[in-house]
Amino acid sequence: DSSSSSSPRKGLKIVVMAGAGMSVAAGIPDYRSGKGIYTTGKASPFTSAALHEDPEKFYGVVRQMIGSANDGNGPKPTLTHWFIRLLAEKGLLLRLYTQNVDGLEGLTGLDPELVVEAHGNLRTGRCTKCQRAFDQDEFKTKIHNEKVPLCPDCSAIVRPNVVFFGEPLSTRFFRMNHDDLEQADLLIVIGTTLVVYPFASLTNKVSPLTPRVLFNNEPSGPFTKCDSEHNYRDVFCPGPCDSSVSSLASALSWSDHLSALSSSQ
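Sequential numbering of the sequence shown, starting at 66, is according to the working numbering.
Structure follows, in structure tokens:
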């Protein structure tokens with residue numbers, strides 16, 4: 066109810082699940098919306114085949130997503146990313162589980178311990194042959210100095226540490242999600258169609274009495290049944306993610322704090 070402001074109770078534990086819709090306002094396309102990568106006939110950029118068949122094109126997409134290492138250009142966190150940072154500042158964020166590999170939540174200064182990158186990241190890499198690891202600074206330098214980053218040890222292509230199609234999700238995802246979802250007092254789902262498993266299964270791991278909220282353009286997963294007379298805990302907030310979090314921040318009297326955070330970038 067946005068007609069009166071209220072504050073979440075002290076000690077509330079919120080788990081956030083985020084998908085590509087959260088980064089659309091940053092200029093990064095999602096996958097399954099009307100203008101998404103799949104619906105416009107394009108193949109997923111993050112597959113082993115895409116990397117090896119056209120590595121220059123592959124890394125062109127990577128550079129587009131992470132911007133320039135030298136002049137700071139590139140996508141910036143959206144209001145929704147800053148809202149998640151605000152939840153952390155309020156001591157309410159138990160964990161963010163994200164499908165995104167763009168790393169925008171990290172640019173808000175969000176503690177990495179609060180983040181589970183289920184599908185990996187574009188910050189670090191490894192050799193496709195000898196498995197040599199490349200840390201954040203080394204990998205960024207190679208991306209921006211070489212059209213196709215090659216391993217200095219064996220000359221094979223270096224890949225980012227994203228989860229390619231058919232590969233298992235991160236070990237951190239499997240290690241932490243059971244306890245986190247069991248503890249959650251509220252589940253907020255943002256910008257995802259909830260069709261990619263096992264990530265989508267997280268919605269079913271919270272307690273049967275835990276409220277679940279979806280911010281998305283279209284209802285998805287269990288939120289397609291919000292109008293059912295049997296629904297007692299699910300809420301669907303239609304529209305762009307940034308609009309929904311802005312309304313929520315206003316209802317909580319957090320708008321000034323959120324504005325101050327988002328303008329700090």
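For each residue, glycine too, the CB sits at the ideal point set by N, CA and C.
Predicted, not measured: the structure shown is a model, and the values here were computed from it.
Whole-angstrom distance between I222 and Q196, CA atom to CA atom
Within the sequence shown, the letter at position 131 stands for residue 196. Within the sequence shown, the letter at position 157 stands for residue 222. Straight-line Cα distance between these residues: approximately 10 Å.
Let me know if C219 comes out buried or exposed under the rule of 16 or more other beta-carbons within 10 Å of its beta-carbon.
What you label residue 219 is simply residue 154 of the sequence shown in a count that begins at 1. Looking at its Cβ environment, which holds fewer than 16 other Cβ atoms inside 10 Å, C219 is exposed.
What's the C-alpha gap between K212 and L159?
Sequence index remark: in the sequence shown, residue 212 carries index 147 (1-based). Sequence index remark: in the sequence shown, residue 159 carries index 94 (1-based). The alpha-carbon atoms of K212 and L159 are separated by roughly 39 Å.
Look at G185 and N226 and say whether their C-beta atoms are less than 8 Å apart.
Taking the first residue of the sequence shown as position 1, residue 185 is located at position 120. Taking the first residue of the sequence shown as position 1, residue 226 is located at position 161. Yes, these two residues count as a Cβ contact at 8 Å.
Quick test of the definition: if touching needs 3 or more C-beta pairs under 8 Å, does the region 79–86 touch the region 252–263?
yes
Roughly how far, in whole angstroms, is the beta-carbon of T145 from the beta-carbon of C306, given that I think they are within contact range, below 8 Å?
On the sequence shown, position 80 is the one that residue 145 refers to. On the sequence shown, position 241 is the one that residue 306 refers to. At roughly 4 Å, the Cβ-Cβ gap stays under 8 Å, so T145 and C306 are in contact.
Using the Cβ count rule (16 or more neighbours within 10 Å means buried), how would you classify D314?
Translated into the one-based positions of the sequence shown, residue 314 becomes position 249. The amino acid at residue 314 is misidentified as Asp; the sequence shows Ala. A314 comes out buried.
Given Q201, which residues of its chain have a CB within under 6 Å of its CB, disregarding the five upstream and five downstream residues?
For the purposes of this step, residue 201 is taken as the residue at position 136 of the sequence shown. Cβ within range, chain order: R188, T189.
From the DSSP output, in three-state form, read off G190 for me.
Position 125 of the sequence shown, counted from the start, is the residue given in the question as residue 190. Strand, per DSSP.
Buried/exposed call for Y162, threshold 16 Cβ in 10 Å:
Mapped onto the sequence shown, residue 162 falls at position 97. The residue in question, Y162, is buried, as its Cβ has 16 or more Cβ neighbours within 10 Å.
Within 10 Å of its beta-carbon, does L246 have 16 or more other beta-carbons around it, so buried, or fewer, so exposed?
For the purposes of this step, residue 246 is taken as the residue at position 181 of the sequence shown. L246 comes out buried.
Taking all protein chains shown into account, do 16 or more other C-beta atoms lie within 10 angstroms of the C-beta of L234, making it buried, or fewer, making it exposed?
One-based indexing of the sequence shown puts residue 234 at position 169. L234 is buried by the Cβ-count criterion.
Report the CB separation of L267 from N242 in whole angstroms; it is logged as a contact under 8 Å.
Walking along the sequence shown from the start, residue 267 turns up at place 202. Walking along the sequence shown from the start, residue 242 turns up at place 177. Between N242 and L267 the Cβ distance is about 6 Å, and since that is below 8 Å, they are a contact.
Thinking C-beta only, is P142 closer than 8 Å to I93?
If you number the sequence shown from 1, residue 93 lands on position 28. If you number the sequence shown from 1, residue 142 lands on position 77. Not closer than 8 Å, so no.
From the DSSP output, read off the bridge partner residues of T163.
For the purposes of this step, residue 163 is taken as residue 98 along the sequence shown, with counting starting at 1. Beta-bridge pairing links T163 to A83, E182.
In angstroms with no decimal places, state the Cα-to-Cα distance between R128 and K205.
Within the sequence shown, the letter at position 63 stands for residue 128. Within the sequence shown, the letter at position 140 stands for residue 205. The straight-line gap from Cα to Cα measures roughly 10 Å.
Beta-carbon spacing of L326, L151 below 8 Å:
For the purposes of this step, residue 326 is taken as the residue at position 261 of the sequence shown. For the purposes of this step, residue 151 is taken as the residue at position 86 of the sequence shown. Cβ atoms of L326 and L151: closer than 8 Å.
Quick one: what's V223 bridged to in DSSP?
Taking the sequence shown and counting its residues from 1, the one referred to as residue 223 is at position 158. C192.
Using the three-state DSSP reduction, which class does A249 fall into: helix, strand or coil?
Taking the first residue of the sequence shown as position 1, residue 249 is located at position 184. Of the three classes helix, strand and coil, the one that applies to A249 here is coil, per DSSP.
Are F264 and A153 close, meaning C-beta to C-beta below 8 Å?
As a first step, residue 264 is located in the sequence shown; it is residue number 199 there, counting from the start. As a first step, residue 153 is located in the sequence shown; it is residue number 88 there, counting from the start. Against a cut-off of 8 Å, the Cβ pair of A153 and F264 comes out as no contact.
Tell me which residue opens and which closes the beta strand (DSSP E) that R298 is part of.
For the purposes of this step, residue 298 is taken as the residue at position 233 of the sequence shown. Careful: R298 lies outside any beta strand (DSSP E) and carries neither H nor E.
Between the CA atoms of S324 and Q330 - distance to the nearest angstrom
Looking up residue 330 in the sequence shown gives position 265. Looking up residue 324 in the sequence shown gives position 259. Whole-angstrom Cα-Cα distance: 11 Å.
As a quick exercise: from K270, H209, A316, pick the residue whose alpha carbon is nearest that of M130.
Counting from one through the sequence shown, the residue named residue 130 turns up at place 65. Closest by alpha carbon: H209.
Presumed contact (8 Å Cβ cut-off) between R237 and V271, rounded CB distance
Counting from 1 along the sequence shown, the entry for residue 237 is found at position 172. Counting from 1 along the sequence shown, the entry for residue 271 is found at position 206. Not quite, the Cβ-Cβ distance comes to about 19 Å (not below 8 Å), so this is no contact.
Quick check: the Cα distance between R277 and S318, rounded to an integer number of angstroms?
Counting from 1 along the sequence shown, the entry for residue 277 is found at position 212. Counting from 1 along the sequence shown, the entry for residue 318 is found at position 253. Each residue's alpha carbon lies about 21 Å from the other.
With DSSP as the reference, please indicate the residues paired to C302 in a beta bridge.
Counting from 1 along the sequence shown, the entry for residue 302 is found at position 237. For C302, which the question treats as bridged, DSSP gives the partners F280.
Taking all protein chains shown into account, do 16 or more other C-beta atoms lie within 10 angstroms of the C-beta of N165, making it buried, or fewer, making it exposed?
Taking the first residue of the sequence shown as 1, we reach residue 165 at position 100. The residue in question, N165, is buried, as its Cβ has 16 or more Cβ neighbours within 10 Å.
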